[in-house]
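Visitor: Protein chains in written order, with my numbering: chain A, 723 to 1176; chain B, 723 to 1176. No residue lacks a Cβ here, since even glycine has one placed at the ideal position from N, Cα and C.
2 protein chains.
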Amino acid sequence: MTRPLLLCLLALNGPLSAQWAESDQARAGALFEEALGNGECYERLRELTKGIGHRLSGSPEADAAMAWGAEVLAANGADSVFVMPVIVPSWTRGTLCSASCEEMPLRVTALGGSDPTPGDSALEAPCVVVRGIEELAELPRDQTEGRIILFNRPMDPLLINTGSAYGGAVDQRGRGAIAAAQAGGVAALVRSMTHAYDTVPHTGAMYYADTVPRVPAAAISTVDARLLAQHIEADPSNRVSLAMNCRDLGEREQGNVIGVLRGSERPHEIIALGGHLDSWDIGEGAHDDGAGVVHTLEALRLLRAIGYQPRHTLHFVLFINEENGNRGGKAYAAAYADANERVVGAMESDAGGLVPRGFSIDAELQEVEWLQSLLPFLEPYGLNSSRQGWAGVDISPLKEHTPRPVLIGLMPDGQRYFDYHHSARDVFENVHKRELELGAASCALMIMLLDQHL
Amino acid sequence: MTRPLLLCLLALNGPLSAQWAESDQARAGALFEEALGNGECYERLRELTKGIGHRLSGSPEADAAMAWGAEVLAANGADSVFVMPVIVPSWTRGTLCSASCEEMPLRVTALGGSDPTPGDSALEAPCVVVRGIEELAELPRDQTEGRIILFNRPMDPLLINTGSAYGGAVDQRGRGAIAAAQAGGVAALVRSMTHAYDTVPHTGAMYYADTVPRVPAAAISTVDARLLAQHIEADPSNRVSLAMNCRDLGEREQGNVIGVLRGSERPHEIIALGGHLDSWDIGEGAHDDGAGVVHTLEALRLLRAIGYQPRHTLHFVLFINEENGNRGGKAYAAAYADANERVVGAMESDAGGLVPRGFSIDAELQEVEWLQSLLPFLEPYGLNSSRQGWAGVDISPLKEHTPRPVLIGLMPDGQRYFDYHHSARDVFENVHKRELELGAASCALMIMLLDQHL
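#1: For the candidate residues Glu1151(A), Thr814(A), Ala931(A) and Ile1169(A), whose alpha-carbon lies nearest to that of Gly1012(A)?
#2: Do the CB positions of Ala1146(A) and Val922(A) come within less than 8 Å of each other?
#3: For a cutoff of 8 Å on Cβ pairs, would you count Asn1106(A) as touching chain B?
#4: Under 8 Å between the Cβ atoms of Met1170(B) and Leu995(B)?
#5: Using a Cβ cut-off of 8 Å (strictly closer), state whether Ile882(B) contacts chain A.
#6: Can you tell me whether DSSP reads His1034(A) as helix, strand or coil?
#7: Quick one: does Gly759(B) have its CB under 8 Å from some CB of chain A?
#8: Could you say which of His1009(A), Trp813(A), Val1115(A) and Asn960(A) lies nearest to Asn1048(A) if we only look at CA atoms?
#9: For Val962(B) and chain A, any beta-carbon pair shorter than 8 Å?
#10: Would you call the CB atoms of Leu1036(B) and Leu983(B) closer than 8 Å?
#11: Could you tell me whether the stretch 1132-1139 of chain B touches the stretch 1152-1171 of chain A, using the rule of 3 or more Cβ pairs below 8 Å?
#12: Across which residues does DSSP place Pro827(B) in a beta bridge pair?
#13: Looking at chain A, which residues of the stretch 1119-1145 of chain B have a Cβ within less than 7 Å of any of its Cβ atoms?
#14: Look up Ala883(A) in the DSSP assignment and say whether it is helix, strand or coil.
#15: Just how far apart, CA to CA, sit Ala847(A) and Pro879(A)?
#16: Report the residue from Arg815(A), Leu845(A) and Cys968(A) whose alpha carbon sits nearest the alpha carbon of Gly868(A).
#17: May I ask you to list the residues that DSSP assigns as paired with Gln1110(B)?
#18: Could you name the residues of the same chain whose beta carbon sits closer than 8 Å to that of Asn1106(A), not counting the 5 residues immediately before and after it, in chain order?
#19: With a threshold of 7 Å on Cβ separation, who are the neighbours of Asp1000(B) within its own chain once the five nearest residues in sequence on each side are excluded?
#20: Does any residue of chain A have a CB that is nearer than 8 Å to the CB of Tyr1103(B)?
#21: Closest Cβ-Cβ distance between Thr921(A) and chain B: below 8 Å?
#22: Can you name the residues that DSSP bridges to Arg749(B)?
#23: Can you give me, in chain order, the residues of the stretch 1069-1087 of chain A that have a beta carbon less than 7 Å from any beta carbon in chain B?
#24: Where do the ends of the alpha helix (DSSP H) carrying Trp790(B) lie?
#25: Residues in its own chain within less than 8 Å of Glu975(A) by CB, not counting five upstream and five downstream?
#26: With 7 Å as the limit, tell me which residues of the stretch 853-884 of chain A have their beta carbon closer than that to any beta carbon of chain B; keep them in chain order.
#27: What three-state label does DSSP hand Ser943(A) in the structure shown?
#28: When the cut-off is 8 Å and only beta carbons count, does Glu755(B) lie next to chain A?
#29: Considering only their Cβ atoms, is the gap separating Asp946(A) from Leu829(A) smaller than 8 Å?
#30: When you compare the CB of Arg749(B) with every CB in chain A, is at least one pair closer than 8 Å?
#31: I want to know whether the stretch 928-939 of chain A touches the stretch 815-835 of chain A - three or more CB-CB distances under 8 Å.
#32: Could you list the residues in the stretch 906-920 of chain B with a C-beta less than 7 Å from some C-beta on chain A, going in chain order?
#33: Span of the beta strand (DSSP E) holding Gln1174(B)?
#34: Using three-state DSSP, classify Val1090(A) as helix, strand or coil.
#35: List, in chain order, every chain E residue whose beta-carbon is nearer than 7 Å to that of Arg1156(B).
#36: Drop a sphere of 10 angstroms on the beta-carbon of Arg1109(B), count the other beta-carbons inside from all chains shown, and report buried for 16 or more, exposed for fewer.
See the structure below:
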């Protein structure tokens, strides 16, 4: 296939071509060929998801995943591997989560961190339906007190960027229980964060406030959210029943698992690539964030396979506790805040194993322009988009470092991501082999480019 | 989400911004909002695939699809709808297609257009395995005569562009039976054209030459191709059995179904948008090319919904017989070759219903540059790639017109496409609602831009 457009861009961007050396070209090709021709990340993801399964912080499965990750980092060529201890929260979904409206069963799942229903038995109350926290705040108290609050605002389907739609709706999951209690409500039901219209509830983190009573909170599938809203509209006296025996289990020690490739020129300057090892406790955490974990492991293997010798020290980081606390990300940033070693760049893959489309960047203008100047060279690999903005939860605490490191996020296509995210559908079978491999090669390529550029 | 990169590109490309008027911006937004907020294409695809099913040229299902397409074109607001008669070939897969190697069953399906095995009964012969036609041509005749030839060359996994990998391997499907017969072979088995390693055979067009004996040809799944090659390598005397009762049914009249929106300024100049109504006769033709059909139907509805008044006359064309003859595309080009009305631009959606990434263009340099100049404006819709090259089978005969019309192809992401293509997996369930809707809006947008530009 001819590429006159690319050539045309190159001609326009003459001076920028210095950003992309002939050696970069050769390495980029070699990384993608190794990933697509001899890729191991798909089988690694099978091990993590089918062999270990989901792995909430504090769970025995998270322990198993840490041990597995350390083994693979070593097998994939790390000079050394270490565990950075992190105290993580532990919570269990328990064995009971059911809900109904009169005779109609509702498909729900506890939000992560929720208290159980009182006495682990069914809580029954009338229900009021609101679109979001703002609408709830406007209702008179006699319409909310003693009720179960259904937050039924959908993700905005008109936004092309599904991450923006998620960001615009997720407050009702995170703060819905607080808002419900403030209005005198007895529990919160939250419409699942997905564009899919189906019967699958999606969990995720929720929070309590010290000064507000703690009420239980569960996610409800989009289909059931609609059905429930119709039942309540038809007869506002209809009652909803909710029973959950999830509970907090305190704290325990787990950790970030880190593989190191020692730099030849600037060994005390670190460039990190990571994904998070923990996942929610339904599904298999395949896209979120098994994909980021195997991208990270495979990027190390790919760089080794092509014989790349890094200038900076590279860290391949399997973070713990992204989902419900980000204690792994905070611990990693804290460990290098005042040390002789400092982090000059970090990249995260935590947006799924779908086909990569480019990179987001959270950095100073000069680096933003650097990334943009690379796009014509990245286009043959399907990487033709760059956006200034959010790079990832685990690496975001590094922003407080001075000087601020360059933060980059892998940006896979997002149209399907929230179909799976935090749900029973986030399983190995919903990850595509080639798309996953392209993501791994994209991570390896960007780490190599950062290493050459910084 | 901020877009400093986009602004930066705009600054660089100042003079080009005249290509994208404020009215284009408003219309683009309105088209995507209508597609994502009130989209009908997903339910239309359900009607076509679940209501009618697959629809090989000449079949009663293709008749039903023509009638359905005419109804939807009218319902979606065409000023007029007509059928352009086309004589199409008719072929049936029959009721029997089975193969085995000694005691091992092989998952196969007849290639489209193949003759049956002699007497509709099992043909049994030893087998020789080659990678492709070139390797077969180099073998001495005593290693090929009287044998079944297994063409086992995979699509090249190292190519990022799966269409290029398909193009590089598909000769053994199209010409394998001819090459096999020239080597004295008695049948051809062709490794399925897919990157997926699975048990699903993929059919597709095959051809005979007048001067060469006609031998039967079937596709074999990638898993079975490997197993069979291993069996033959282990014992070259192992025999393969193949039985098929597919057959040619002659010709009959069907046609292209065309909806018209009359142009206000240049009514005798046509801009066409199309997909093909026929499909292969396994699966449901959901991605190939149900997606292109409903993209076309929905683009008409979207342009109507936003009140767009075209300058040129717009044709929304449901082509017949793309899969095994392209007689619909040839008839359409012939109809406007010497007419008072001429086609100045044409666009095709025939690369699946996956997430759109941009457009291919087959045109003069000036139009190629025009498309490239639009990319910064198309980026917010996820359309950030343009390639000069192939635009589509159905519209390609228009290239012989003078002056040559601008030809554009919708370019969805291709990583998954060949998992489904021409197989039993090409079903409605494997099409994603939002991805399909984005494709429809992208088609409508490009037709509107062509109408403004040409």
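Guide: According to the structure shown:
#1: Taking the first residue of the first sequence as 1, we reach residue 1012(A) at position 290. Out of Glu1151(A), Thr814(A), Ala931(A) and Ile1169(A), Glu1151(A) has the C-alpha closest to the C-alpha of Gly1012(A).
#2: The count along the first sequence starts at 1 and reaches residue 1146(A) at position 424. The count along the first sequence starts at 1 and reaches residue 922(A) at position 200. Cβ atoms of Ala1146(A) and Val922(A): closer than 8 Å.
#3: Counting from one through the first sequence, the residue named residue 1106(A) turns up at place 384. The beta carbon of Asn1106(A) sits closer than 8 Å to some beta carbon of chain B.
#4: Translated into the one-based positions of the second sequence, residue 1170(B) becomes position 448. Translated into the one-based positions of the second sequence, residue 995(B) becomes position 273. For Met1170(B) and Leu995(B), no; Cβs fall outside 8 Å.
#5: One-based indexing of the second sequence puts residue 882(B) at position 160. Cβ-Cβ to chain A under 8 Å: yes for Ile882(B).
#6: Here residue 1034(A) refers to the residue found at position 312 of the first sequence. DSSP, reduced to helix, strand and coil, places His1034(A) within a strand of the structure shown.
#7: Against the second sequence, residue 759(B) aligns to sequence position 37. Interface residue, yes.
#8: As a working note, residue 1048(A) is residue 326 in the first sequence. Of the listed residues, the one whose Cα sits closest to Asn1048(A) is Val1115(A).
#9: Locating residue 962(B) in the second sequence gives position 240, counting from the first residue. Chain A places no beta carbon closer than 8 Å to that of Val962(B), leaving this residue out of the contacts.
#10: Translated into positions along the second sequence, residue 1036(B) becomes position 314. Translated into positions along the second sequence, residue 983(B) becomes position 261. Their beta carbons are under 8 Å apart, which means Leu1036(B) touches Leu983(B) by this criterion.
#11: yes
#12: Position 105 of the second sequence, counted from the start, is the residue given in the question as residue 827(B). DSSP, once it has assigned bridges, lists Ser822(B) as partnering Pro827(B).
#13: Asp1135, Gln1137 and Arg1138
#14: For the purposes of this step, residue 883(A) is identified with residue 161 of the first sequence, where counting begins at 1. According to the sequence displayed, residue 883(A) carries Asn and not Ala. Residue state, collapsed to three classes: coil.
#15: Working through the first sequence from its first residue, we reach residue 847(A) at position 125. Working through the first sequence from its first residue, we reach residue 879(A) at position 157. Answer to the nearest angstrom: the Cα atoms are 32 Å apart.
#16: Here residue 868(A) corresponds to residue number 146 of the first sequence, with the count starting at 1. For the residues Arg815(A), Leu845(A) and Cys968(A), the minimum Cα distance to Gly868(A) belongs to Leu845(A).
#17: Indexing the second sequence from 1 puts residue 1110(B) at position 388. Beta-bridge pairing links Gln1110(B) to Ile1083(B).
#18: As a working mapping, residue 1106(A) is identified with position 384 in the first sequence. Within the same chain, Asn1106(A) has close Cβ partners Arg1079, Gly1080, Leu1097 and Leu1100.
#19: Indexing the second sequence from 1 puts residue 1000(B) at position 278. Arg777, Leu778, Ser779, Ala784, Ile1042, Asn1043, Glu1044 and Glu1045, listed in sequence order.
#20: Along the second sequence, one-based indexing puts residue 1103(B) at 381. Chain A has a Cβ within less than 8 Å of the Cβ of Tyr1103(B).
#21: Sequence index remark: in the first sequence, residue 921(A) carries index 199 (1-based). Closer than 8 Å: no.
#22: If you number the second sequence from 1, residue 749(B) lands on position 27. BP columns for Arg749(B) are empty, so no partner.
#23: Close to chain B, meaning a Cβ-Cβ distance shorter than 7 Å, are the following residues of the stretch 1069-1087 of chain A: Val1077.
#24: The residue you call residue 790(B) lines up with position 68 of the second sequence. Pro782 to Ala797 is the extent of the alpha helix (DSSP H) around Trp790(B).
#25: Taking the first residue of the first sequence as position 1, residue 975(A) is located at position 253. Excluding residues within five positions, the ones whose Cβ falls inside 8 Å are Pro807, Val808, Ile809 and Val810.
#26: Pro879, Leu880, Ile882 and Asn883
#27: Taking the first sequence and counting its residues from 1, the one referred to as residue 943(A) is at position 221. Three-state result, Ser943(A): coil.
#28: The residue given as residue 755(B) occupies position 33 in the second sequence. Output row for Glu755(B): interface = yes.
#29: Position 107 of the first sequence, counted from the first residue, corresponds to residue 829(A). Position 224 of the first sequence, counted from the first residue, corresponds to residue 946(A). Looking at the sequence shown, residue 829(A) is not Leu but Arg. Contact: yes.
#30: Your numbering for residue 749(B) matches position 27 in the second sequence. Not one chain A Cβ lies under 8 Å of Arg749(B).
#31: yes
#32: His917
#33: Position 452 of the second sequence, counted from the start, is the residue given in the question as residue 1174(B). Per DSSP, Gln1174(B) lies in no beta strand (DSSP E); the unbroken alpha helix (DSSP H) holding it starts and ends at Lys1155 to His1175.
#34: Your numbering for residue 1090(A) matches position 368 in the first sequence. Helix.
#35: The displayed structure is made up of protein chains A and B, and chain E is not among them.
#36: In the second sequence, residue 1109(B) corresponds to position 387, counting from 1. The residue in question, Arg1109(B), is buried, as its Cβ has 16 or more Cβ neighbours within 10 Å.
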